[in-house]
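Those protein sequence lines, which keep their order, are chains A and B.
Using UniProt numbering, count along the first sequence one by one with no gaps and you end on 349.
Using UniProt numbering, count along the second sequence one by one with no gaps and you end on 349.
Before any comments, here is the structure.
There are 2 protein chains.
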Amino acid sequence: MSTRTTRRSGAAPTRPTIRDIAREAGVSVATVSRVTHDDPRVTGETKQRVQEAIDRLGYTPSSLGRALSYQRTNTLGIVLPGLGGPYFAALIEGAESVAIQRGVAINVLGTHLRPDAAASVRQLAERTDGLIIAGGTLPEQELERLAKTSRIVLVAGESDTAPSVLTDGRAAAEELTRHLIEVHGHRRLQFVGEPAGSPDTTLRYAGFRDALAAHDLAEAGDPLHYGLDVRSGALAARQVHENGALPDALVCANDELAIGLLATLPGLGHRIPADVAITGFDDQSLAEIASPRLTTVHQPVAELGAHAAAGALGDDLASRTVLETRLVIRESCGCAPSDAPSALPGAAG
Amino acid sequence: MSTRTTRRSGAAPTRPTIRDIAREAGVSVATVSRVTHDDPRVTGETKQRVQEAIDRLGYTPSSLGRALSYQRTNTLGIVLPGLGGPYFAALIEGAESVAIQRGVAINVLGTHLRPDAAASVRQLAERTDGLIIAGGTLPEQELERLAKTSRIVLVAGESDTAPSVLTDGRAAAEELTRHLIEVHGHRRLQFVGEPAGSPDTTLRYAGFRDALAAHDLAEAGDPLHYGLDVRSGALAARQVHENGALPDALVCANDELAIGLLATLPGLGHRIPADVAITGFDDQSLAEIASPRLTTVHQPVAELGAHAAAGALGDDLASRTVLETRLVIRESCGCAPSDAPSALPGAAG
DNA sequence: CTGAAAGCGCTAACAA
DNA sequence: TTGTTAGCGCTTTCAG
Numbered sequence: 001m002s003t004r005t006t007r008r009s010g011a012a013p014t015r016p017t018i019r020d021i022a023r024e025a026g027v028s029v030a031t032v033s034r035v036t037h038d039d040p041r042v043t044g045e046t047k048q049r050v051q052e053a054i055d056r057l058g059y060t061p062s063s064l065g066r067a068l069s070y071q072r073t074n075t076l077g078i079v080l081p082g083l084g085g086p087y088f089a090a091l092i093e094g095a096e097s098v099a100i101q102r103g104v105a106i107n108v109l110g111t112h113l114r115p116d117a118a119a120s121v122r123q124l125a126e127r128t129d130g131l132i133i134a135g136g137t138l139p140e141q142e143l144e145r146l147a148k149t150s151r152i153v154l155v156a157g158e159s160d161t162a163p164s165v166l167t168d169g170r171a172a173a174e175e176l177t178r179h180l181i182e183v184h185g186h187r188r189l190q191f192v193g194e195p196a197g198s199p200d201t202t203l204r205y206a207g208f209r210d211a212l213a214a215h216d217l218a219e220a221g222d223p224l225h226y227g228l229d230v231r232s233g234a235l236a237a238r239q240v241h242e243n244g245a246l247p248d249a250l251v252c253a254n255d256e257l258a259i260g261l262l263a264t265l266p267g268l269g270h271r272i273p274a275d276v277a278i279t280g281f282d283d284q285s286l287a288e289i290a291s292p293r294l295t296t297v298h299q300p301v302a303e304l305g306a307h308a309a310a311g312a313l314g315d316d317l318a319s320r321t322v323l324e325t326r327l328v329i330r331e332s333c334g335c336a337p338s339d340a341p342s343a344l345p346g347a348a349g
Numbered sequence: 001m002s003t004r005t006t007r008r009s010g011a012a013p014t015r016p017t018i019r020d021i022a023r024e025a026g027v028s029v030a031t032v033s034r035v036t037h038d039d040p041r042v043t044g045e046t047k048q049r050v051q052e053a054i055d056r057l058g059y060t061p062s063s064l065g066r067a068l069s070y071q072r073t074n075t076l077g078i079v080l081p082g083l084g085g086p087y088f089a090a091l092i093e094g095a096e097s098v099a100i101q102r103g104v105a106i107n108v109l110g111t112h113l114r115p116d117a118a119a120s121v122r123q124l125a126e127r128t129d130g131l132i133i134a135g136g137t138l139p140e141q142e143l144e145r146l147a148k149t150s151r152i153v154l155v156a157g158e159s160d161t162a163p164s165v166l167t168d169g170r171a172a173a174e175e176l177t178r179h180l181i182e183v184h185g186h187r188r189l190q191f192v193g194e195p196a197g198s199p200d201t202t203l204r205y206a207g208f209r210d211a212l213a214a215h216d217l218a219e220a221g222d223p224l225h226y227g228l229d230v231r232s233g234a235l236a237a238r239q240v241h242e243n244g245a246l247p248d249a250l251v252c253a254n255d256e257l258a259i260g261l262l263a264t265l266p267g268l269g270h271r272i273p274a275d276v277a278i279t280g281f282d283d284q285s286l287a288e289i290a291s292p293r294l295t296t297v298h299q300p301v302a303e304l305g306a307h308a309a310a311g312a313l314g315d316d317l318a319s320r321t322v323l324e325t326r327l328v329i330r331e332s333c334g335c336a337p338s339d340a341p342s343a344l345p346g347a348a349g
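Have a look at this one:
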């Protein structure tokens, strides 16, 4: 027995609109709107009548209607390759922390499974006030297009068209690699990860090579092209084992990859770090729990997300915001538990 | 020098609307709408003119406007406690696979950090055509309210008001625990996890107790109340160690918890499974990579997500859809690598 | 084949 | 203090 004015079929659930409330309370829609906005201009008595109608019918203003009227959705979009793994979870949490403060909802999109990533992102752009885009998910050309109508900020990547927040992965990787060479005397080092996979990995590989070059060392072998997850690490371990003659150290593109190696190599008869040193990147919580504990580079991932969120939501942002990293020496590089300082001074541009 | 009719301040980026295109092409908005819908009724010549205007101005129909008009958002919402961890990532991927097929966007909400979860979910409900809700994230009363205006389906949980898709965690946990008791002769078993934490954990604990009861065994100690992540597992390990006198077996609420134990206990001088057996739950990829490899229960998590998505998007769904689980025997329970069948017949209601 | 206009739920300027 | 109304971007009957 609904009083709705329009087409309705049968049982589809329907929500009361502002007009329903207005009618129920015997006022105009404007008054209802004022009540939902706590506008002080509305009389106590009227206000109460409206509020009762609202409660009785269970009304909530449609955010769709509001968005259309406001020309603002109160939503922040986040574009990532995928949503697996602790790195992206941390990034999202960082963004979420500022979104919550500002009463903004979050909408994350994983492009990985979407056949047409660009189209999905455009869609998302329409439904949000700003976009955080992970480096490497979209071609520069598409970023340009998006930048025309949306406020976008890149995280862990760079672009000419949008501000970005990132860390100096290249310097950090170099520092890490230097440690392996200078402190532990390793000479045969190999990189694990797909250098072309993401801007982050590209930079880490570059830093790895910088360190080698500074010491006139050649790579012990081409990079082992693997993804950034634990399973890939396990696969890489098997390949390393089958190749025979392990390098002195394996520098992994991220922690998960390193953990995969760490967990698999011992079963194959290789001791870490005695036979081969392993390092990670990111300093996820797994790094500290692994055994041996993982030497890695700490990144303020949540802060990356928070800064990016603030920027995407309208705060002024330098065209390039670089956050500090910190080398974290544990045992997987060969340092003994005792002589391992828990942290060393950081590296960043 | 925009031709927009309305208030515009300075440099805020603006998108062309259907009216801009209509004006540019010298037609009515209705015609433009038809072109964007490939309506065959529009003449080739006109159609081309409109299309050119669209391309020239870079127009894309506003999904907000469309949603308001259609009364449908083409978006699926997913409500989870948090977005960390492989379990939820897999769940989302399952849902995403059907969302992609149907040209629907996905919007996931992690309630964990949101101070007012219920309000956030209501908001989300307005912006979506259907909602997948993880068991335990919302009180029954709130589910009732949501069900009035949204199509909701529960995953890994149950409710009187909405259909649900889940596994029989209780039966699976019992089968797993029986294995520990009957095959390995363990007598002193303890549960790790917070039974009140989520419906899933509640059921697993119940199954654990069922098995003990069937053998007239008492718990070796109260459940160790820890979260469901790796770090919690490491903490639990420390507590177990400090309590002295380890139980024969530790039955963990999920794989991540188990992995945390697995990685930490050896460093504390306890060998697995010789000194203490460990089991997980879920069969995430880490389970196979851990050493010793983790005995656990396989759950079709992606399928849970896929079924739930289909239901939330309008497919008919039984009020209770139960998916099969499968006991996965590896080495952390004490089975030798050789005599461990990689899978055993499943348990499910 | 095309256009005018009403309507989706809401806000805000303007009137009263 | 309250109401009227135009408008946000789009779809869709109904005329023409």
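No residue lacks a Cβ here, since even glycine has one placed at the ideal position from N, Cα and C.
Cβ neighbour criterion (16 or more within 10 Å) applied to residue i
i	result
Asn107/B	buried
Arg320/A	exposed
Tyr70/A	exposed
Gln190/B	buried
Thr177/B	buried
Asp20/A	buried
Leu327/A	buried
Glu52/A	exposed
Inter-residue spacing [alpha-carbon to alpha-carbon] between residue i and residue j
i	j	result
Arg293/B	Ala237/A	16 Å
Ala105/B	Val276/A	45 Å
Arg330/A	Leu212/B	42 Å
Asp129/A	Leu313/A	7 Å
Ser291/B	Val230/A	13 Å
Ala336/A	Leu268/B	17 Å
Ala220/A	Ser97/B	41 Å
Ile289/B	Leu261/A	9 Å
Ala287/B	Ile54/B	52 Å
Collapsed DSSP secondary structure at residue i in the structure displayed
i	result
Asn243/B	helix
Phe191/A	strand
Ser159/A	coil
Arg326/A	strand
Arg145/A	helix
Ser164/A	strand
Thr202/A	helix
Gly77/B	strand
Ile259/B	helix
Thr36/B	helix
His307/A	helix
Leu138/A	coil
Ile132/A	strand
Beta carbon proximity, residue i to chain A, threshold 8 Å
i	result
Arg204/B	no
Ser159/B	no
Thr264/B	yes
Leu83/B	yes
Thr149/B	yes
Ala253/B	no
Pro86/B	yes
Ala89/B	yes
Residue-chain proximity (residue i, chain B), Cβ-Cβ < 8 Å
i	result
Ser164/A	no
Val328/A	no
Ile78/A	no
Leu257/A	no
Gly267/A	yes
Gly260/A	yes
Ala308/A	no
Ala302/A	no
Near-chain A residues of the stretch 92-113 of chain B - C-beta to any C-beta below 8 Å: Ile92, Glu93, Glu96, Ser97, Ile100, Ala105, Ile106, Asn107, Val108, Leu109, Gly110 and Leu113
Can you pull out the residues from the stretch 114-137 of chain B whose beta carbon lies closer than 8 Å to at least one beta carbon of chain A? Arg114, Pro115, Ser120, Arg122, Gln123, Leu124, Glu126 and Arg127
If you measure beta-carbon to beta-carbon, which residues of the stretch 272-286 of chain B are closer than 7 Å to chain A? Ser285 and Leu286
Any C-beta of chain A within less than 8 Å: which residues of the UniProt domain "HTH lacI-type" (16-70) of chain B qualify? Gly58, Thr60, Ser62, Ser63, Leu64, Gly65, Ala67 and Leu68
Contact residues within the stretch 289-300 of chain A, judged by C-beta distance below 7 Å to chain B: Ile289, Ala290 and Ser291
Using a Cβ-Cβ cut-off of less than 7 Å, give me the residues of the stretch 209-239 of chain A that come near chain B, in sequence order. Val230, Arg231 and Ala234
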